[in-house]
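Chemist: Have a look at this one before I ask anything.
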Amino acid sequence: VAEKLKLFSISVHAGLAETGAVMASAALCGLKVKGKAAHAASPYQGIDPIVMRSEIVNALQIISSRVTNILETIVVTVTHFHAGDTDNIISDEAILRGTARSFAE
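Residue numbers for the sequence shown follow the numbering used here, beginning at 17 and rising by one.
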């Protein structure tokens, strides 16, 4: 049954009656960063994907302010940030997901 299930959705704003683009297009994006697991007491024995991913999040925020023309509207938002399930182990991978929205084609 689940294989044949199809869902459709539409977002509407009844108060918007304007010509031209009203809402930005959205692109979903994801990234898996691979590192090397280690015990939290000896992080030098591993490669911490959380630190790498944090740098990536900071770099993504620069896109809208330093890479894109100021006349273009772009928003890059990180909405999901996950690594590991144990408090005292540095995970061997980290997952990052989010959206990019723009009026440009």
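For every residue, glycine included, the Cβ atom is placed at its ideal position computed from N, Cα and C.
Kindly identify the DSSP beta-bridge partner or partners of Thr-93.
Modeler: For the purposes of this step, residue 93 is identified with residue 77 of the sequence shown, where counting begins at 1. Thr-115, per the DSSP bridge assignment.
Chemist: Is Glu-76 near Val-91, with beta carbons less than 8 Å apart?
Modeler: In the sequence shown, counting from the first residue as 1, residue 76 sits at position 60. In the sequence shown, counting from the first residue as 1, residue 91 sits at position 75. Here residue 76 turns out to be Leu, not Glu, going by the sequence shown. In this structure, Val-91 does not lie closer than 8 Å to Leu-76 by Cβ.
Chemist: Using only the alpha-carbon positions, how far apart do His-98 and Asn-85 sit?
Modeler: By one-based count along the sequence shown, residue 98 stands at place 82. By one-based count along the sequence shown, residue 85 stands at place 69. Going by the C-alpha atoms only, they are around 31 Å apart.
Chemist: Under a three-way DSSP split, which group does Ile-72 fall into?
Modeler: One-based indexing of the sequence shown puts residue 72 at position 56. Look at Ile-72 here: in three-state DSSP terms it is helix.
Chemist: Can you say whether Ile-78 is buried or exposed, counting buried as having 16 or more other CB atoms within 10 angstroms of its CB?
Modeler: Taking the sequence shown and counting its residues from 1, one reaches residue 78 at position 62. The residue is exposed, with fewer than 16 neighbouring Cβ atoms inside 10 Å.
Chemist: Near Ala-57, what residues of its chain come up, given a Cβ to Cβ distance below 8 Å and the 5 sequence neighbours on each side ignored?
Modeler: Counting from 1 along the sequence shown, the entry for residue 57 is found at position 41. Correct list, in chain order: Asn-104.
Chemist: Check whether the Cβ atoms of Ala-110 and Cys-45 lie closer than 8 Å to each other.
Modeler: For the purposes of this step, residue 110 is taken as residue 94 along the sequence shown, with counting starting at 1. For the purposes of this step, residue 45 is taken as residue 29 along the sequence shown, with counting starting at 1. For Ala-110 and Cys-45, no; Cβs fall outside 8 Å.
Chemist: Going straight from the alpha carbon of Ala-43 to that of His-96, what length do you get?
Modeler: Reading the sequence shown from its first residue, position 27 is the one you call residue 43. Reading the sequence shown from its first residue, position 80 is the one you call residue 96. Using only the alpha carbons, I get a separation of about 15 Å.
Chemist: Can you tell which of Gly-114, Ala-54, Thr-102 and Ala-40 has the C-alpha that lies nearest to the C-alpha of Ile-72?
Modeler: Walking along the sequence shown from the start, residue 72 turns up at place 56. Nearest of Gly-114, Ala-54, Thr-102 and Ala-40 to Ile-72, Cα basis: Gly-114.
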